[in-house]
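> My questions will all concern the structure given below.
Residue numbers (the working numbering), protein chains in the order written: chain U, 42 to 152; chain L, 216 to 330.
Written out as structure tokens, the structure is:
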């Protein structure tokens with residue numbers, strides 16, 4: 042079945058550092074891809090999405106590009122802030138509206 | 216603003232108890248979902264519903280049941296709680312339809328501990 046694999050965490054960076062969180066997927070068709078973020082004590086929020094190959098999703102300074110050739114959707118941000126500390130989930134959807142999530146990556150940004 | 220609320224943030228129950236987790240959404244969404252979140256495993260779908268009185272099994276339905284008597288409310292039921300059901304439970308809702316994907320909106324979660 043469909044699956045999503047994220048880089049293992051936790052990830053700890055200093056403020057203003059460059060961030061990459063890797064995400065790869067396995068799917069038989071052409072899924073839509075998402076990044077969700079979970080801030081401490083809260084539910085998940087959609088951060089960005091891409092629905093077809095070569096699409097770039099972006100929001101709040103974060104970006105991710107749908108790469109069909111490498112089945113990847115890596116999350117990047119040029120300069121992270123303390124407020125970006127959260128758990129990040131990569132996910133895909135195909136067909137019926139059932140999301141398949143990666144295991145999550147906990148990100149901590151130190152001032 | 217879409218709002219998904221869950222009845223409790225924290226819950227402690229004993230093994231063998233019947234447990235109800237309630238979820239309410241205020242945006243007239245057709246679809247509702249129950250997930251459990253465990254460290255290192257991400258979120259896994261337990262059950263979902265596309266309409267009132269309709270339910271479908273997700274990836275890990277064993278030990279759970281659901282009820283959707285009204286469009287805005289989706290309940291998760293643990294008939295006889297066990298310690299391996301200790302987890303964070305997240306409810307979500309989304310608009311219905313068979314077209315492009317519609318964003319799922321999540322509640323804050325219920326952290327359930329079964330002792």
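Ideal Cβ placement from N, Cα and C applies to all residues, glycine included. For clarity, every value in this text was computed on a predicted model and none was experimentally measured.
On the DSSP letters alone, give me the boundaries of the beta strand (DSSP E) that residue 286 of chain L sits inside.
Unbroken run through residue 286 of chain L: none, as it is neither H nor E.
> For the beta strand (DSSP E) holding residue 146 of chain U, just list the boundary residues, first then last.
First-last of the beta strand (DSSP E) with residue 146 of chain U: 146-151.
> So, is the C-beta of residue 143 of chain U closer than 8 Å to a C-beta in chain L?
So yes, residue 143 of chain U belongs to the interface.
> Taking the beta strand (DSSP E) that residue 265 of chain L falls in, what are its first and last residues?
Here residue 265 of chain L belongs to no beta strand (DSSP E), and DSSP marks it neither H nor E.
> Are the region 119-133 of chain U and the region 141-152 of chain U touching, with three or more C-beta to C-beta distances below 8 Å?
Output reads yes: the region 141-152 of chain U touches the region 119-133 of chain U.
> Quick one: any contact between the region 60-79 of chain U and the region 220-230 of chain L, if contact means 3 or more CB pairs under 8 Å?
No, because fewer than three Cβ pairs between the region 60-79 of chain U and the region 220-230 of chain L fall closer than 8 Å, the two stretches do not touch.
> Taking the C-alpha atoms as reference points, what is the distance between residue 64 of chain U and residue 91 of chain U?
Near 13 Å, if we compare the C-alpha coordinates of residue 91 of chain U and residue 64 of chain U.
> Hey, how far is the Cα of residue 265 of chain L from the Cα of residue 291 of chain L?
Distance between the alpha carbons of residue 265 of chain L and residue 291 of chain L: 15 Å.
> Cα-Cα, which of U:115, U:95, U:93, U:54 is closest to residue 125 of chain U?
Comparing Cα-Cα distances from residue 125 of chain U to each of U:115, U:95, U:93, U:54, the minimum goes to U:54.
> By the three-class DSSP mapping on this structure, what secondary structure does residue 124 of chain U have?
Reduced to three states, the DSSP call for residue 124 of chain U is helix.
> Could you list which residues in chain L have their beta carbon closer than 7 Å to that of residue 140 of chain U, in chain order?
Neighbours of residue 140 of chain U on chain L, chain order: 319.
> At a CB distance below 7 Å, what residues from the region 299-314 of chain L approach chain U? Give them in sequence order.
Hits within the stretch, in order: 305, 309.
> Going along the chain, which unbroken runs of the alpha helix (DSSP H) with 4 or more residues stay wholly within the region 218-260 of chain L?
Within the region 218-260 of chain L, no complete alpha helix (DSSP H) run reaches 4 residues.
> So which residues of chain U does residue 235 of chain L contact, with C-beta pairs closer than 9 Å?
None at all; the shortest Cβ gap to chain U is about 19 Å.
> Using the beta-carbon of each residue, which ones in chain L are nearer than 9 Å to residue 84 of chain U?
Within chain L, the residues near residue 84 of chain U are 219, 221, 305, 306, 307, 320, 321, 322, 323, 324.
> Does residue 300 of chain L come out as helix, strand or coil in the three-state DSSP assignment?
Here residue 300 of chain L sits in helix by DSSP.
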